[in-house]
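Visitor: When you line the sequence shown up against our numbering, it's residues 17 to 66, in that order. Every residue, glycine too, gets a C-beta built ideally from N, C-alpha and C.
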Amino acid sequence: HARSLAACAENSGWNADEEGERYRMVLLGHAERCATAADGVRQAAKRLTD
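In structure tokens form, the structure reads like this:
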């Protein structure tokens with residue numbers, strides 16, 4: 017999910033104006049939070065299987 021959001025944010029159509037850039041930054045922030053959450057889930061799963 018995080019990779020899809022980041023790929024969407026990389027689309028050059030977002031930065032045509034200030035509002036588009038703001039939306040792009042929101043997407044990137046969400047992508048970062050998703051990646052962090054996924055990492056936490058992986059760590060928890062690893063701990064449960066150890």
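Taking the straight line between their C-alpha atoms, what separation do you get for Thr-52 and Ala-32?
Guide: One-based indexing of the sequence shown puts residue 52 at position 36. One-based indexing of the sequence shown puts residue 32 at position 16. One C-alpha to the other measures close to 29 Å.
Visitor: For Leu-64, count neighbouring C-beta atoms within 10 Å of its own C-beta (all shown protein chains included) and say buried if the count is 16 or more, exposed if not.
Guide: The residue given as residue 64 occupies position 48 in the sequence shown. Leu-64 comes out exposed.
Visitor: Measure the alpha-carbon distance for Val-57 versus Leu-21 and round it to whole angstroms.
Guide: By one-based count along the sequence shown, residue 57 stands at place 41. By one-based count along the sequence shown, residue 21 stands at place 5. Rounded to whole angstroms, Val-57 to Leu-21 spans 19 Å at the Cα level.
Visitor: Output the boundary residues of the alpha helix (DSSP H) element that contains Ala-22.
Guide: Your numbering for residue 22 matches position 6 in the sequence shown. Segment 18-26, the alpha helix (DSSP H) holding Ala-22.
Visitor: Take the Cβ of Ala-47 as the centre, count every other Cβ of all protein chains shown within 10 Å, and call the residue buried at 16 or more, exposed below.
Guide: For this step, residue 47 is matched to residue 31 along the sequence shown. It counts as buried.
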